[in-house]
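Novice: Count along the sequence shown from 1, add 292, and you get the number used in my numbering.
Sharing a structure below in structure tokens format, with a few things to ask.
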Amino acid sequence: AATKLASAEKLMYFCTDQLGLEQDFEQKQMPDGKLPVDGFLLCVDVSRGMNRNFDEQLKFVSNLYNQLAKTKKPVVVVLTKCDEGVERYIRDAHAFALGKKNLQVVETSARSNVNVELAFSTLVQLVDKSRGKAKIIPYFEALKQQSQQIAAAKDKYEWLVSRIVKSHHEVWANVSRKMQPAPEYQDYVYLEGTSKAKKLFLQHVQRLKQEHIERRRKLYLAKLPQALDALVPDLDEIDHLSRAKAEKLLEAKPDFLKWFVVLEETPWDAGGHVDNVDNERIPFDLLETPAAEQLYEQHLEKLRDERKRAEMRRAFRQNLESSPFVTPGKPWEEARSFIMNEDFYLWLEEPVYMEIYGKHQKQLIDKAKEDFQELLLEYSELFYELELDAKPSKEKMGVIQEVLGEEQRFKALQKLQAERDALILKHIHFVYHPTKETCPSCAGCVDARVEQLLGSRFIRQHRNPLADPNVDRINLVILGKDGLARELANEIRALCTSDDKYVIEGKMYELALRPIEGNVRLPVNAFQTPTFQPHGCLCLYNSKESLSYVVESIEKSRECAVGRRDNHAAQLPLTLILVNKRGGGGDGGGETLQSLIQQGQQIASKLQCVFLDPASAGIGYGRNINEKQIGQVLKGLLDAKRNLNLVVGSTSALKDGADAADLRVAVCLMCGDPAGADEVLLPILQAQPCRPAPGGGAAVL
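Okay, here's the thing in structure tokens:
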């Protein structure tokens, strides 16, 4: 309780942690060896001590306080170790202080650093009255505030660590040096110390390592099904093997090292392989993990399912082949209930069965058509009495169908009546025009085979370099409402070979037809599609209404072509034809016929197209155009197409430096007419300089 201390050359501050290491710390000695005492902190341990009676301790504290009170110096009672304090001891200590005048009590915990600074600041305020009075906070409230402060500082410090430390290879010495200037690091170290800061750093590094390992694990597991598919795709090879034998089988595969790597250090995530990002091969010991075992079982199950699905497909095909309910042309909706069962639905989706059914139907239809063609050849006498180049009347078709109707080969195409009728019309065309193009044997025709054999053994000596590779194809739009377009398309197809080829002037052309009967602004009725570039259009009418439809459709089509800046579509060659529906009578009045012809001529003049009427063709009203007219129309379209190719080819040839003589020969080959070639070439050559003839003479024309 002395108020004046004398201890020359003694240190002002010293703690037990510095014993034996005094020279390692800052040396601060008492000034002149003397030190006046301005106040006292009376410390009372309120924890439960061994072999210690708190009541006896409190008596000692009371006696000590009485000695301190005599000095007239300020005294503050400090309850220590409140983090382990006994509630009764704390209560008794407060009761002791209440019995004294102005004796203040501060609850502290040095271990938790709670209210330690408050104890000293309270005493300083009592010594120096000019200082503001310190607010004494109970221990638990102060502990709560301290915890919140530490939590906030910890969050900021962890954010700092996550921003700086991106790799699990970082070490504390380097990272702490980087973080030292940061206030987040300084505040946390001040509150919790360097050891806890390092501990949080190590936790973050460990977390980064685990995340890296997990990413690699997911990569390996994602690749494992591919490896199993590549190495053991056959169920019979592994279905009976144990896991250990299956692994031995994998190791024996030639491509094993392409997918797997056998590590010396195991487990795989404890060695250096996990950090080798360039090597994505699967560690072989990964197969021992539960996740890999599950993937292996899934691979087995997938192979079993595939085998079962293949068996179901086979069984379904056999069911189709043996079922009497599956006939050519029968829709899937009608056949499904007869051929499907619960097992089929259990293993495969309906679209799979529909695809198999579609292929089976194609085989049935092809076979039925072959058989029907044989039937037609057997009954060839039915077709000899027909008029040349004419289509059979309804009565004659009725007779043919009545004679053939009892034949099973005729009944087989019952659901494909349109195709059956088309085959009859094609057969009639073959009877009167027996050529290799119209032969029902198609590619099997002897004439065609001989031509192919000769063509493969003799190479042509001359080839036109300007020829268009698409010149042997004609794309034709047929426009007409109320069935006119479809009817004419069917009649033209009947004149074609089985593979839609048409003969013009002894040469075969591929003919693609696009009948249109609806609104041409709709994509489904457009003249042009990504796979169909029209070369011409046949416009059919048999009434004022159908003629109005043709005019409106042409105008709409041209508007669309102008909007797309498609000059070819805007200038599409047109032929306007007056026809009548099949079966329509020829009793229309002459005035009506003449009126329709006059209207057609006016519209043709307006549209700047060719007009074809029954009178000019020498046929009566009520009949559609015949084969000769169709050939004339197609030849006109072919000539128009050749002229377009000629202009493009001629310009390219002049740009490439071909001389006039070379170009004239090329054009003659294309159009077959030297005079016509000159008519085309003269305007072009007048606008383009010709190459001089050899020897410096005049240009060759």
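Don't be surprised by glycine CBs; every beta carbon is placed ideally from N, CA and C.
Starting from residue 808, follow its DSSP beta bridges and name the residues at the other end.
Specialist: The count along the sequence shown starts at 1 and reaches residue 808 at position 516. The partner list for residue 808 (beta bridge, DSSP) reads 771.
Novice: Note down the Cα distance separating residue 931 from residue 865, rounded to an integer number of angstroms.
Specialist: Position 639 of the sequence shown, counted from the start, is the residue given in the question as residue 931. Position 573 of the sequence shown, counted from the start, is the residue given in the question as residue 865. Approximately 11 Å between the Cα atoms of the pair.
Novice: Roughly how many angstroms lie between the CA atoms of residue 516 and residue 595, to the nearest whole one?
Specialist: By one-based count along the sequence shown, residue 516 stands at place 224. By one-based count along the sequence shown, residue 595 stands at place 303. Cα to Cα, residue 516 sits roughly 15 Å from residue 595.
Novice: Restricting to runs no shorter than 3 residues, where is the beta strand (DSSP E) found entirely within the segment 803-861?
Specialist: Entirely contained in the segment 803-861, the beta strand (DSSP E) runs reaching 3 residues are, in chain order, 828-833.
Novice: Determine the DSSP secondary structure at residue 472, reduced to helix, strand or coil.
Specialist: For the purposes of this step, residue 472 is taken as the residue at position 180 of the sequence shown. Coil, per DSSP.
Novice: Pull up the CB-CB distance for residue 405 and residue 438, whole angstroms please, since I reckon it's below 8 Å.
Specialist: Working through the sequence shown from its first residue, we reach residue 405 at position 113. Working through the sequence shown from its first residue, we reach residue 438 at position 146. Sure, about 7 Å apart at Cβ, within 8 Å.
Novice: For residue 466, count neighbouring Cβ atoms within 10 angstroms of its own Cβ and tell me buried if that reaches 16, exposed if not.
Specialist: Stepping through the sequence shown from its first residue, residue 466 is reached at position 174. Counting Cβ neighbours within 10 Å, residue 466 comes out exposed, since fewer than 16 surround it.
Novice: Could you pull out every residue in the same chain whose Cβ sits closer than 8 Å to the Cβ of residue 600, ignoring the five residues on either side in sequence?
Specialist: By 1-based counting over the sequence shown, the position of residue 600 is 308. Contacts found: 639.
Novice: Going by the DSSP bridge assignment, what does residue 337 pair with across the sheet?
Specialist: For this step, residue 337 is matched to residue 45 along the sequence shown. Partner(s): 372.
Novice: Output the boundary residues of the alpha helix (DSSP H) element that contains residue 491.
Specialist: Position 199 of the sequence shown, counted from the start, is the residue given in the question as residue 491. First-last of the alpha helix (DSSP H) with residue 491: 486-523.
Novice: Indicate whether the contact test is met: 3 or more Cβ pairs, each with one atom in the segment 475-488 and one in the segment 445-455, closer than 8 Å.
Specialist: Taking 8 Å as the limit for Cβ pairs, the verdict is that the segment 445-455 does touch the segment 475-488.
Novice: Helix, strand or coil, according to DSSP, for residue 311 in the structure here?
Specialist: Here residue 311 is taken as the residue at index 19 of the sequence shown, counted from 1. Coil, per DSSP.
Novice: Hey, residue 630 and residue 615 are a contact pair by Cβ (cut 8 Å); roughly how many whole angstroms apart?
Specialist: Walking along the sequence shown from the start, residue 630 turns up at place 338. Walking along the sequence shown from the start, residue 615 turns up at place 323. The pair is a contact, with the Cβ atoms about 6 Å apart (cut-off 8 Å).
Novice: Quick one: what's got a C-beta closer than 6 Å to residue 754's C-beta in the same chain, skipping five residues either side?
Specialist: Reading the sequence shown from its first residue, position 462 is the one you call residue 754. Here the model assigns residue 754 a pLDDT of 43, short of 50, so the residue's position is not dependable, and the following value carries that caveat. Excluding positions up to five away in sequence, the list is empty.
Novice: Given a cut-off of 9 Å on the beta-carbon distance, is the pair residue 394 and residue 401 in contact?
Specialist: Looking up residue 394 in the sequence shown gives position 102. Looking up residue 401 in the sequence shown gives position 109. Cβ distance not < 9 Å, so residue 394 and residue 401 don't count as in contact.
Novice: In terms of DSSP beta bridges, what is residue 867 paired with?
Specialist: Along the sequence shown, one-based indexing puts residue 867 at 575. Answer by DSSP bridge pairing, in chain order: 830, 902.
Novice: Taking all protein chains shown into account, decide if residue 518 is buried (16 or more other Cβ within 10 angstroms of its Cβ) or exposed.
Specialist: Working through the sequence shown from its first residue, we reach residue 518 at position 226. Flag for residue 518 reads exposed.
Novice: Assuming residue 773 contacts residue 809 (C-beta within less than 8 Å), just tell me the rounded distance between them.
Specialist: Counting from one through the sequence shown, the residue named residue 773 turns up at place 481. Counting from one through the sequence shown, the residue named residue 809 turns up at place 517. Between residue 809 and residue 773 the Cβ distance is about 5 Å, and since that is below 8 Å, they are a contact.
Novice: So the candidates are 295, 553, 324; which of them puts its Cα closest to the Cα of residue 301?
Specialist: Taking the sequence shown and counting its residues from 1, one reaches residue 301 at position 9. The candidate whose alpha carbon is nearest that of residue 301 is 324.
Novice: For the ligand GTP, I want to know if residue 524 counts as a neighbour, meaning its beta carbon is within less than 8 Å of at least one of the ligand's heavy atoms.
Specialist: This structure lacks the ligand GTP, and indeed carries no ligand of any kind.
Novice: Which residue from 610, 472, 838, 863 puts its Cα closest to that of residue 871?
Specialist: On the sequence shown, residue 871 is found 579 positions in, with the first residue counted as 1. The option with the nearest alpha carbon to residue 871 is 838.
Novice: Flag this pair as yes or no: are the beta carbons of residue 692 and residue 674 separated by less than 9 Å?
Specialist: Along the sequence shown, read from residue 1 onward, the residue named residue 692 stands at position 400. Along the sequence shown, read from residue 1 onward, the residue named residue 674 stands at position 382. Their beta carbons are under 9 Å apart, which means residue 692 touches residue 674 by this criterion.
Novice: Under 8 Å: do the segment 792-807 and the segment 723-736 share three or more Cβ pairs, one atom per stretch?
Specialist: Yes, the segment 792-807 is in contact with the segment 723-736.
Novice: Between which two residues does the alpha helix (DSSP H) containing residue 418 stretch?
Specialist: Taking the sequence shown and counting its residues from 1, the one referred to as residue 418 is at position 126. 408-419 is the extent of the alpha helix (DSSP H) around residue 418.
Novice: Can you find a C-beta in chain B that's less than 9 Å from the C-beta of residue 845?
Specialist: Although the question refers to chain B, the structure presented lacks it and comprises just one protein chain.
Novice: Per DSSP, what kind of secondary structure is residue 552 in: helix, strand or coil?
Specialist: Mapped onto the sequence shown, residue 552 falls at position 260. Strand, per DSSP.
Novice: With DSSP run on the structure shown, which of helix, strand or coil describes residue 299?
Specialist: For the purposes of this step, residue 299 is identified with residue 7 of the sequence shown, where counting begins at 1. Residue 299: coil per DSSP, three-state reduction.
Novice: Between the segment 489-499 and the segment 526-541, are three or more C-beta pairs nearer than 8 Å?
Specialist: The segment 489-499, when compared against the segment 526-541, does not touch it at the 8 Å Cβ threshold.
Novice: Going by other Cβ atoms of all chains shown within 10 Å of its Cβ, with 16 needed for buried, is residue 358 buried or exposed?
Specialist: Working through the sequence shown from its first residue, we reach residue 358 at position 66. By the neighbour-count rule (16 or more Cβ atoms within 10 Å), residue 358 is not buried but exposed.
Novice: First and last residue of the alpha helix (DSSP H) that includes residue 644?
Specialist: Translated into the one-based positions of the sequence shown, residue 644 becomes position 352. It spans 642-670 - the alpha helix (DSSP H) in which residue 644 sits, taken as one unbroken run.
Novice: To which residues of the same chain is residue 1015 closer than 8 Å at the C-beta, ignoring the five residues directly before and after it?
Specialist: What the structure shows of the chain is the stretch from 293 to 993, and residue 1015 is not part of that stretch, so it cannot be assessed.
Novice: For the candidate residues 598, 769, 733, whose alpha-carbon lies nearest to that of residue 665?
Specialist: Working through the sequence shown from its first residue, we reach residue 665 at position 373. Residue 733 is the option with its Cα nearest to residue 665.
Novice: In terms of alpha-carbon separation, which member of 512, 625, 684, 895 lies closest to residue 579?
Specialist: Locating residue 579 in the sequence shown gives position 287, counting from the first residue. Nearest option by C-alpha distance: 512.
Novice: Under the three-state reduction of DSSP, which class applies to residue 383: helix, strand or coil?
Specialist: Here residue 383 corresponds to residue number 91 of the sequence shown, with the count starting at 1. Three-state result, residue 383: helix.
Novice: Judging by CA-CA distance, which residue of 548, 499, 527 is the nearest neighbour of residue 589?
Specialist: Sequence index remark: in the sequence shown, residue 589 carries index 297 (1-based). Nearest of 548, 499, 527 to residue 589, Cα basis: 527.
Novice: Once you ignore the five residues that flank residue 901 on each side, which residues in its own chain have a CB closer than 7 Å to its CB?
Specialist: Position 609 of the sequence shown holds residue 901. So the qualifying residues of the chain are 866, 867, 868.
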